[in-house]
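Protein chains in written order, with our numbering: chain F, 52 to 623; chain G, 934 to 1146.
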């Protein structure tokens, strides 16, 4: 029966061009951008009259005094963030899955995922700065300080506050990925076996479930590693300043009025890409080492029953991430409404709408641009994703695991490695960045998340409904529009919300591809960061958060309302 | 002190519905069969005994194993072994590692290897240590899974429809193997099944949940 089905299924049709188009749309900009980075890195940039290959940009890069600092900063922050985030997630999942505590933690951690990185970073900055909320609550009572201490907590030279801000955001991401992988590996039953054999939760989970889960979350982990090594917006807010991180310096060189600085920027972008590649290779070696140690640990049979401290540590750090980000957001909100607010005071003397009124016009403009870019890029990404998934369903054009790598490529390769090249190419071709170019660039980053979010629910839809529908005389298109998509309202809206949050949070594509002329809430908030006007930052970062979170609220509420008389779909 | 597995006035509730009531002692070497259709609460009873009862259930009563009250202990401290209908061998470990994982901790590396190797001989798989569990036959997997459980030296054993995935010839063979082990090691065994042949072969009493309610 199944074999006959395979044979009778057409291998091509109207939808067959969707996967090809999608791959071109994803890989085109990435490959073009990388080419546009490599050529100028070796001196070739016709736009400024450089048509011969030299090593000069590379030599100039390594003559920059900050290069080694920036290099080690990139590696240090990357490894620290990735290792600690993974450790926290492992401790939480291993120590608590299936318990009430876990259910609570999962509920409070998931909304963190959609909060834009920049807003979370501003929130953290407002908490830990020398004049931030934490020092205010203990001053002057405990510290005796009646003015902000001269401490370099924020933007510390080691990048610790940068890593902290990243960890708080990456823990929810890795947790979600781990939970998705857990569902596919049947880890719960292995865990039960381990426990009846006398194993403690953490030791049992690490030995029986983790190896299988890890295989599934390897790419997301590399995404975290690459992202934390090369992030720009969070590093501008929380990272060190003199010198800044490598990727921030790349952006500075890119925006230098002296166009020849683009050669150094390209060399640095290439170096950043190589660093990420090297870091992933080192991480891979680490995986081997851990696997070898793991096999030894399995044979030892040690049960690891006394894991109470470890389990509590996991929950404590997970809770810390939640509390930090939410108090950070509260602090943003308070600043946006603050009248006069003197240093050791914990709260402002007066609350006022002044900051909101003062920025009303530019807020409205930036919100409009943000929403327009997000809506267009997300709808385009959703259209492509549905086309690919439906082509997979109708013609069996299933994405192989290699194709999955293509899906991850745009979020795996550092943005600073290919976006500068893309901008340079556009400059050479005489294209001026505008809304359309920015929207196209956003699709590259939005699509992977939309596809990953939609893929599992789309494939797990009960295809017997399609059989029934076609037996009743419906065409495949009618089945898609009248049966499948309405039934999948909830996952569709979730995918839209995920995509929207990704688009709202994009900083570098908007800045570089927009040529500085497209202003979204994110670029405006970042532009304010060096000025230190906390009220303005509060206003923009809060609105940025709202723009990312509101679609999620809609994705939850809408299906419940539309299907209020359909019990089977209300919670589906 | 081997005086068996005592289930004292056990009652398991889901909301206001009493699912299972049980008050008896399973003696060392006895295979106590619990029969009943799916949904009758057999699996819930086993989940309660292993300490993995889902949150929506409420239970009362005491579970006494060889004089130890294990009612409030976490799963790992109960020393109650569990065998499922699936072998649940860990797919990323070799056969040797699966067994070593079960073997109680302690002893030197060579010591432990020797014990695992003798366990492999006991289940007639002396050369299978380095093999991928996926390459074993159904009967071989079942034997490895049983041996993994026995190496953890449980004081009682629960069988959850343990033979239902094996074909009939293999079934008799594995069943005899499991029951002989239980008698030989004087382990109290509770078996949940809906297969009359399993029950007839089992050396012990029978409780039919569907009949008792």
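Just so it is clear, CB atoms sit at the ideal spot from N, CA and C, and this is done for glycine as well. Please read all numbers here as calculations on a predicted model, not as lab measurements.
C-beta neighbour in chain F for residue i, strict 9 angstroms
i	result
residue 1068 of chain G	no
residue 1088 of chain G	no
residue 1146 of chain G	In this prediction, residue 1146 of chain G has a pLDDT of 45, which is less than 50 and means its spatial position is unreliable; what the coordinates show is noted afterwards. Residue 1146 of chain G does not count as touching chain F.
residue 1046 of chain G	yes
residue 1105 of chain G	no
residue 1126 of chain G	no
residue 1042 of chain G	yes
residue 1030 of chain G	yes
residue 1055 of chain G	no
residue 1096 of chain G	no
residue 1118 of chain G	no
residue 1085 of chain G	yes
residue 1123 of chain G	no
Residue i burial status per 10 Å Cβ neighbour count (16 or more: buried)
i	result
residue 464 of chain F	buried
residue 539 of chain F	buried
residue 113 of chain F	exposed
residue 522 of chain F	exposed
residue 1067 of chain G	exposed
residue 1122 of chain G	buried
residue 52 of chain F	Only weak support is given to the placement of residue 52 of chain F: the predicted model assigns it a pLDDT of 32, under 50, and the value that follows is read from those uncertain coordinates. Exposed is the call here.
residue 1102 of chain G	exposed
residue 57 of chain F	Legend: pLDDT at residue 57 of chain F = 40, less than 50; position of this residue unreliable, no value from coordinates given.
residue 1130 of chain G	exposed
residue 1047 of chain G	exposed
residue 408 of chain F	exposed
residue 104 of chain F	exposed
residue 444 of chain F	buried
residue 502 of chain F	buried
residue 258 of chain F	buried
residue 1146 of chain G	Note on residue 1146 of chain G: pLDDT 45, under 50, position unreliable in the model; the coordinate value appears next. Result: exposed.
residue 239 of chain F	exposed
residue 582 of chain F	exposed
Partner residues on chain F for residue i, Cβ-Cβ distance less than 7 angstroms
i	result
residue 1023 of chain G	241, 259
residue 877 of chain G	Nothing about residue 877 of chain G can be reported from this structure: the residues present for chain G run from 934 to 1146 only.
residue 1026 of chain G	349
Distance CB(residue i)-CB(residue j) smaller than 9 angstroms
i	j	result
residue 288 of chain F	residue 580 of chain F	yes
residue 467 of chain F	residue 559 of chain F	yes
residue 331 of chain F	residue 432 of chain F	no
residue 421 of chain F	residue 299 of chain F	no
residue 458 of chain F	residue 498 of chain F	yes
residue 1084 of chain G	residue 1035 of chain G	yes
residue 982 of chain G	residue 996 of chain G	yes
residue 417 of chain F	residue 591 of chain F	yes
Neighbour flag for residue i against chain G, beta carbons, 9 angstroms
i	result
residue 527 of chain F	no
residue 145 of chain F	no
residue 262 of chain F	yes
residue 270 of chain F	no
residue 343 of chain F	no
residue 366 of chain F	no
residue 57 of chain F	With a pLDDT of 40 at residue 57 of chain F, under the threshold of 50, the predicted position of this residue should be treated as unreliable, though the coordinate-derived value follows. Not closer than 9 angstroms to any Cβ of chain G, the Cβ of residue 57 of chain F fails to qualify, so no.
residue 360 of chain F	no
First and last residue of the uninterrupted beta strand (DSSP E) at residue i
i	result
residue 991 of chain G	990 to 998
residue 1077 of chain G	No beta strand (DSSP E) holds residue 1077 of chain G; the alpha helix (DSSP H) holding it covers 1071 to 1084.
residue 1125 of chain G	1122 to 1126
residue 956 of chain G	950 to 959
residue 1090 of chain G	1089 to 1093
residue 352 of chain F	Counting along the chain, residue 352 of chain F falls outside any beta strand (DSSP E), and DSSP gives it neither H nor E.
residue 1098 of chain G	Looking at the DSSP string, residue 1098 of chain G is not in any beta strand (DSSP E), and its letter there is neither H nor E.
Partners in chain G for residue i, counting only beta-carbon separations shorter than 8 angstroms
i	result
residue 230 of chain F	The contacting residues do not exist; residue 230 of chain F stays about 18 angstroms from chain G at best.
residue 356 of chain F	1009, 1010
Under 7 angstroms from the C-beta of residue i: neighbouring residues of chain G
i	result
residue 351 of chain F	1038
Limits of the unbroken alpha helix (DSSP H) element including residue i
i	result
residue 366 of chain F	359 to 387
residue 964 of chain G	No alpha helix (DSSP H) holds residue 964 of chain G; the beta strand (DSSP E) holding it covers 964 to 968.
residue 479 of chain F	466 to 479
Closer than 8 angstroms at the beta carbon, the chain F residues around residue i
i	result
residue 1014 of chain G	247, 248
residue 1082 of chain G	247, 248
Beta-carbon neighbours of residue i, restricted to chain G and to distances below 9 angstroms
i	result
residue 251 of chain F	1007, 1009
residue 151 of chain F	988
Residue-level contact to chain A via CB, residue i, 9 angstroms cutoff
i	result
residue 255 of chain F	Among the protein chains of the structure shown, namely F and G, there is no chain A.
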